[in-house]
Amino acid sequence: MATESLSGRGAARPTRALQAALSGRGAARPTRALERALTQPISRPSAQPLIELRGAGVTYPGQRSPALSAVDLTVRHGELVTLTGPPGSGKSTLLSLIGLLLRPTTGSYLLNGLEVTTLGDRDRTALRGRMIGRVFQRPQLLASRSVLDNVMLPVLYAGLRRPQRANAAAAALERVGMAHRMHALARELPAGEQQRVAIARAIAGNPSLLLCDDPTASLDDVAAAQVIGLLVSLHKGSTTVLVATRDQLAAAHSSRSLAVDRGGSGKFAGDFSQ
Amino acid sequence: MIRRRIRQPTRLRSADAIGEACTAILVKPARAVVTSLGTLLGVAWFVTALGLASTAGAHVTSAFAHRLPTHVWISPKRAGPAPAAVPYPADVQQRLRALHGVVAAGFFWPLRLGRPVIVSARPQPATEGSAGAADGGTAGNRRASGPGASRHAPVIAASPGFLAAAAVQLSSGRLFDAWDQAHHAQVCVAGTVAARALGIRTLRKQRTVYINNVPCVVIGIVSSASGPQSIQRSVVLPSATAIALWGPPDERAGAMPVLLILTRPGAAGMVARQAPYVLSQDRPDQFLVRLPPGPGALRGQVISTLTSLFYALGWVSLAIGTLSIASVTWLSVRERSAEFGLRRAVGARRRHIVAHVICESAIVGLIGGLAGASLGVATIILVAHARGWVPVVAPLTVLPAPVAGAAAGIMAGIIPAMFAARIQPAEALTRSLAA
Numbered sequence: 024m025a026t027e028s029l030s031g032r033g034a035a036r037p038t039r040a041l042q043a044a045l046s047g048r049g050a051a052r053p054t055r056a057l058e059r060a061l062t063q064p065i066s067r068p069s070a071q072p073l074i075e076l077r078g079a080g081v082t083y084p085g086q087r088s089p090a091l092s093a094v095d096l097t098v099r100h101g102e103l104v105t106l107t108g109p110p111g112s113g114k115s116t117l118l119s120l121i122g123l124l125l126r127p128t129t130g131s132y133l134l135n136g137l138e139v140t141t142l143g144d145r146d147r148t149a150l151r152g153r154m155i156g157r158v159f160q161r162p163q164l165l166a167s168r169s170v171l172d173n174v175m176l177p178v179l180y181a182g183l184r185r186p187q188r189a190n191a192a193a194a195a196l197e198r199v200g201m202a203h204r205m206h207a208l209a210r211e212l213p214a215g216e217q218q219r220v221a222i223a224r225a226i227a228g229n230p231s232l233l234l235c236d237d238p239t240a241s242l243d244d245v246a247a248a249q250v251i252g253l254l255v256s257l258h259k260g261s262t263t264v265l266v267a268t269r270d271q272l273a274a275a276h277s278s279r280s281l282a283v284d285r286g287g288s289g290k291f292a293g294d295f296s297q
Numbered sequence: 180m181i182r183r184r185i186r187q188p189t190r191l192r193s194a195d196a197i198g199e200a201c202t203a204i205l206v207k208p209a210r211a212v213v214t215s216l217g218t219l220l221g222v223a224w225f226v227t228a229l230g231l232a233s234t235a236g237a238h239v240t241s242a243f244a245h246r247l248p249t250h251v252w253i254s255p256k257r258a259g260p261a262p263a264a265v266p267y268p269a270d271v272q273q274r275l276r277a278l279h280g281v282v283a284a285g286f287f288w289p290l291r292l293g294r295p296v297i298v299s300a301r302p303q304p305a306t307e308g309s310a311g312a313a314d315g316g317t318a319g320n321r322r323a324s325g326p327g328a329s330r331h332a333p334v335i336a337a338s339p340g341f342l343a344a345a346a347v348q349l350s351s352g353r354l355f356d357a358w359d360q361a362h363h364a365q366v367c368v369a370g371t372v373a374a375r376a377l378g379i380r381t382l383r384k385q386r387t388v389y390i391n392n393v394p395c396v397v398i399g400i401v402s403s404a405s406g407p408q409s410i411q412r413s414v415v416l417p418s419a420t421a422i423a424l425w426g427p428p429d430e431r432a433g434a435m436p437v438l439l440i441l442t443r444p445g446a447a448g449m450v451a452r453q454a455p456y457v458l459s460q461d462r463p464d465q466f467l468v469r470l471p472p473g474p475g476a477l478r479g480q481v482i483s484t485l486t487s488l489f490y491a492l493g494w495v496s497l498a499i500g501t502l503s504i505a506s507v508t509w510l511s512v513r514e515r516s517a518e519f520g521l522r523r524a525v526g527a528r529r530r531h532i533v534a535h536v537i538c539e540s541a542i543v544g545l546i547g548g549l550a551g552a553s554l555g556v557a558t559i560i561l562v563a564h565a566r567g568w569v570p571v572v573a574p575l576t577v578l579p580a581p582v583a584g585a586a587a588g589i590m591a592g593i594i595p596a597m598f599a600a601r602i603q604p605a606e607a608l609t610r611s612l613a614a
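Taken in order, these protein sequences are the chains called Z and D.
Quick note: the first sequence uses my numbering, first residue 24, plus one each step.
Quick note: the second sequence uses my numbering, first residue 180, plus one each step.
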């Protein structure tokens, strides 16, 4: 909130108010606010935080205790943030929340200045597809499809034609150094290469935010080092990267490291390691 | 540009939806084959059933066609005093021949003179004509076997067209024609039975019979005829000759000139309706039209029963095919929930998932429909060949079959697609992506 008031964007206020009014009477979409949020130059760091969680918590339906409770977190453009913590502490839930796969049951979430908690599925899906790339613990590739097909998957829903999709996918594979296996079936690759293909898939749509949920968990040290190196290089290419990891190497490269403890009870604020 | 690009909702081109569905199917071709088997059999049964119904129907129709009435009988209603002559226009044969479906037409009447008509191989003494009248047919019959016997035989006066309308075939000689009619030639054609009774077996030398002592040259012997049953027992002579010799037909003696029309199979009904107007445009109701009952109604019942039975079975099997696609698609969607979760995570909207799943099941249905239609047509041809029928397959049965398969696939895909669209990506992605 403090950053908000410091930024001196007078024009932002009415829009925010309008948005509140709109969401207050349950209107469909805060179009102008969405527009403003999305017109922020996302490639260069700005005073506007990319991610702003305010007391966001998630309780899964049918469960009494929250999986994530009252998190306050601010991530700026171009940061590389590592999330550490024991298994079951809510790292994955936090990443799902940030990645718009879950809605917070309490609190609010502003992505690039836009309140996304109350957005409709259509817009959340659009933001998911165009702004966010993600890498999972397992590569989660379609095993019987080619590497290229797998990487083309996110751009498929961007509505690009097949040649353009293939170009985007080939470029992404080039960046992760997997272009030579483009036509191999995904299941033919070793685990480390599969994870690199998964990273290529995550960046094929040029997302501004990359979310990685323990991407090195199933890899040996060499492959893990390659994957971490890749994420670091992407970060240097001005992508904002959030990595949940137990890997010390990742933590060493990150701009800051946040510890998540059980229930994610708000241990994030100002927990800088660098 | 960035603004526009990100603001736009994610989209899935229909070509891409079909492409993705095809790829997903091709990844597991065996499953697609097994899934489409239900539809394949359903559609195959449908096409076979309908095709066999129409083939059998056509066969039944052609079988019945041989029994369809081909004769129309027209006689004048009794109206007041006897007409002076034949109550039909002079060119009645030509007029009727002009009707579509008419093969031949002519009129006839039994020769009745108010006294017995004696037909004999030799001239009879003048007195015997009246003597024979008392004991009638029995005496005539007893003497019929001997050559030269006199007979109490029916004599028919007929126009040349009648012989054609009765489909008279000759074992020897010729029919009388318009020339004989015009010149009142004293000629006649004898039925098989009549000829044998008169001792006539061959016409190699000229034979003459005497009708009430009037000589008539036998110019033809009938071998077969349809129409009036009495032809084989009768002697038939030109109507103009009969009028010249004995006067016009005597209605009071029961000699009513009757028109006989031979039609093509199936045309009799139409001809029966049209003929009275041809005969008399102002008073078509003065004629009595008789049409032997045909087997049309029975045929209709047989065919419609067969067809509705086949239809019912076809629907049942198509429903079973739909259910089989639905269940396999359901299982496949559950198994691939992680994949749909991933698709949702990378930007697929619910409707894209629905489109994807329905495309898959529709394509499987379409494949089943295509294969089923081919199998059905092949079965029809084989069965028809085995039974010696001509295969009759309406394009309207075969062409919609793949469409029906696809429609079955779409229906089958709806519920699994709704399920897939409700998959929560966060939860689904905790599972491993299968296949």
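Using N, Cα and C, we set each Cβ at its ideal position, and we do this for glycine too.
Examine chain Z for any beta-carbon lying closer than 8 Å to the beta-carbon of H531 of chain D, and answer yes or no.
-> Locating residue 531 of chain D in the second sequence gives position 352, where the first residue counts as 1. Yes, because at least one Cβ of chain Z sits closer than 8 Å to the Cβ of H531 of chain D.
Who are the neighbours of R601 of chain D on chain Z, taking C-beta pairs under 7 Å?
-> Residue 601 of chain D sits at position 422 when you count from the first residue of the second sequence. Per Cβ cutoff of 7 Å: no residues; R601 of chain D is ~11 Å from chain Z at best.
Nearest chain Z C-beta to R210 of chain D closer than 8 Å, yes or no?
-> In the second sequence, the residue the question calls residue 210 of chain D occupies position 31. Answer no: the Cβ-Cβ gap between R210 of chain D and chain Z never drops below 8 Å.
Boundaries of the beta strand (DSSP E) in which F287 of chain D is found, first to last residue = For the purposes of this step, residue 287 of chain D is taken as the residue at position 108 of the second sequence. Run containing F287 of chain D: 281 to 289, per the beta strand (DSSP E) assignment.
Does DSSP classify G598 of chain D as helix, strand or coil?
-> Stepping through the second sequence from its first residue, residue 598 of chain D is reached at position 419. The question names Gly, but residue 598 of chain D in the sequence shown is Phe. Three-state result, F598 of chain D: helix.
Sequence-distant residues of the same chain with beta carbon closer than 6 Å to A284 of chain D, five excluded per side | Position 105 of the second sequence, counting from 1, holds the residue named residue 284 of chain D. Cβ within range, chain order: Q272, L275, G340, A344, I440.
Inter-residue CB distance, L234 of chain Z and L265 of chain Z (contact presumed, cutoff 8 Å) | In the first sequence, counting from the first residue as 1, residue 234 of chain Z sits at position 211. In the first sequence, counting from the first residue as 1, residue 265 of chain Z sits at position 242. Indeed they touch by this definition, with Cβ atoms about 5 Å apart.
Residue-level contact to chain D via CB, A181 of chain Z, 8 Å cutoff = Sequence index remark: in the first sequence, residue 181 of chain Z carries index 158 (1-based). Yes, contact with chain D.
Check whether G520 of chain D and I594 of chain D have beta carbons under 8 Å apart | In the second sequence, the residue the question calls residue 520 of chain D occupies position 341. In the second sequence, the residue the question calls residue 594 of chain D occupies position 415. Not closer than 8 Å, so no.
Going by C-alpha distance, which of D:A505, D:V468, D:V298 is nearest I253 of chain D?
-> Numbered from its first residue, the second sequence carries residue 253 of chain D at position 74. Measuring from the Cα of I253 of chain D, the nearest candidate turns out to be D:V468.
Should L382 of chain D go down as buried or exposed, given a rule of 16 or more other Cβ atoms within 10 Å for buried?
-> As a position in the second sequence, residue 382 of chain D is number 203, starting the count at 1. Label assigned to L382 of chain D: buried.
Nonlocal neighbours in the same chain, by C-beta distance under 6 Å from S46 of chain Z, ignoring five residues either side | Against the first sequence, residue 46 of chain Z aligns to sequence position 23. A caution first: S46 of chain Z carries a pLDDT of 46, below 50, which makes its placement in the model unreliable, though a value can still be read off. Closer than 6 Å at Cβ, skipping near neighbours: T141.
Return the chain-ordered list of same chain residues with a C-beta closer than 6 Å to the C-beta of P326 of chain D, the five sequence neighbours on each side being excluded.
-> As a working note, residue 326 of chain D is residue 147 in the second sequence. Unreliable placement is indicated for P326 of chain D, whose pLDDT of 48 sits below 50; no coordinate value is reported for it.
Quick one: Cα of L134 of chain Z to Cα of H100 of chain Z, how far?
-> Counting from 1 along the first sequence, the entry for residue 134 of chain Z is found at position 111. Counting from 1 along the first sequence, the entry for residue 100 of chain Z is found at position 77. Rounded to the nearest angstrom, the two C-alpha atoms are 11 Å apart.
Taking 8 Å as the CB-CB cut-off, is T129 of chain Z touching chain C?
-> The question asks about chain C, but that chain is absent: this structure's protein chains are Z and D.
Determine whether the Cβ of T268 of chain Z lies closer than 8 Å to any Cβ atom of chain D.
-> By 1-based counting over the first sequence, the position of residue 268 of chain Z is 245. Cβ-Cβ to chain D under 8 Å: no for T268 of chain Z.
Nonlocal neighbours in the same chain, by C-beta distance under 8 Å from A196 of chain D, ignoring five residues either side | Here residue 196 of chain D refers to the residue found at position 17 of the second sequence. For A196 of chain D, where only same-chain residues beyond five positions count, the Cβ hits under 8 Å are H531, A534, H535, C538.
Is DSSP giving E102 of chain Z helix, strand or coil here?
-> Counting from one through the first sequence, the residue named residue 102 of chain Z turns up at place 79. In this structure, E102 of chain Z counts as coil in the three-state DSSP scheme.
State the Cα-Cα distance for the pair M154 of chain Z and L488 of chain D, rounded to the nearest angstrom.
-> Mapped onto the first sequence, residue 154 of chain Z falls at position 131. Mapped onto the second sequence, residue 488 of chain D falls at position 309. Using only the alpha carbons, I get a separation of about 60 Å.
Any C-beta of chain D under 8 Å from that of S119 of chain Z | Looking up residue 119 of chain Z in the first sequence gives position 96. Judged by the 8 Å Cβ criterion, S119 of chain Z is in contact with chain D.
Smallest Cα separation from F355 of chain D: which of D:A524, D:I546, D:A421, D:G399?
-> In the second sequence, counting from the first residue as 1, residue 355 of chain D sits at position 176. For the residues D:A524, D:I546, D:A421, D:G399, the minimum Cα distance to F355 of chain D belongs to D:G399.
Shorter than 8 Å from the beta carbon of P177 of chain Z to some beta carbon of chain D?
-> Counted from its first residue, the first sequence places residue 177 of chain Z at position 154. So, interface residue.
Residue environment, E211 of chain Z, which counts as buried when at least 16 other CB atoms sit within 10 Å | Locating residue 211 of chain Z in the first sequence gives position 188, where the first residue counts as 1. It counts as exposed.
Can you tell me the Cα-Cα spacing of G445 of chain D and V281 of chain D, whole angstroms?
-> Residue numbering aside, residue 445 of chain D sits at position 266 when the second sequence is read from its first letter. Residue numbering aside, residue 281 of chain D sits at position 102 when the second sequence is read from its first letter. Answer to the nearest angstrom: the Cα atoms are 11 Å apart.
Nearest chain D C-beta to G152 of chain Z closer than 8 Å, yes or no?
-> As a first step, residue 152 of chain Z is located in the first sequence; it is residue number 129 there, counting from the start. Interface residue, yes.
Closer than 8 Å at the beta carbon, the chain D residues around Q163 of chain Z | For this step, residue 163 of chain Z is matched to residue 140 along the first sequence. Those are A517, L521, L608, S611, L612, listed as they occur along chain D.
Same chain, Cβ closer than 8 Å to I181 of chain D, five either side skipped, listed in chain order = For this step, residue 181 of chain D is matched to residue 2 along the second sequence. No answer about I181 of chain D holds up, because its pLDDT of 43 lies below 50 and its placement is not dependable.
Three-state secondary structure (DSSP) at P394 of chain D?
-> Taking the first residue of the second sequence as position 1, residue 394 of chain D is located at position 215. In this structure, P394 of chain D counts as strand in the three-state DSSP scheme.
DSSP state of R529 of chain D, grouped into three classes?
-> The sequence position of residue 529 of chain D within the second sequence is 350, counting from 1. Here R529 of chain D sits in helix by DSSP.
Is L354 of chain D helix, strand or coil by DSSP?
-> The residue labelled residue 354 of chain D in the question sits at position 175 within the second sequence. Note: L354 of chain D maps to coil in three-state DSSP.
With 8 Å set as the bound, which would you pick, yes or no: does the beta-carbon of L125 of chain Z sit closer than that to a beta-carbon of chain D?
-> Within the first sequence, numbered from 1, the residue matching residue 125 of chain Z stands at position 102. By this cut-off, L125 of chain Z is an interface position.
Give the straight-line distance between the Cα atoms of R192 of chain D and L183 of chain Z, rounded to the nearest whole angstrom.
-> Stepping through the second sequence from its first residue, residue 192 of chain D is reached at position 13. Stepping through the first sequence from its first residue, residue 183 of chain Z is reached at position 160. Taking the straight line from one Cα to the other gives about 8 Å.
Find out if the Cβ-Cβ distance for the pair V158 of chain Z, A221 of chain Z is shorter than 8 Å.
-> The sequence position of residue 158 of chain Z within the first sequence is 135, counting from 1. The sequence position of residue 221 of chain Z within the first sequence is 198, counting from 1. Yes, the pair counts as a contact, with Cβ atoms nearer than the cut-off.
What residue range is occupied by the uninterrupted beta strand (DSSP E) comprising E211 of chain Z?
-> Within the first sequence, numbered from 1, the residue matching residue 211 of chain Z stands at position 188. It is not in any beta strand (DSSP E) - E211 of chain Z carries neither H nor E in the DSSP assignment.
Can you say whether Q271 of chain Z is buried or exposed, counting buried as having 16 or more other CB atoms within 10 angstroms of its CB?
-> As a working note, residue 271 of chain Z is residue 248 in the first sequence. Answer is exposed; the Cβ neighbour count stays below 16.
Quick one: grab the DSSP three-state call for Q385 of chain D.
-> Counted from its first residue, the second sequence places residue 385 of chain D at position 206. Q385 of chain D falls in the coil class under three-state DSSP.
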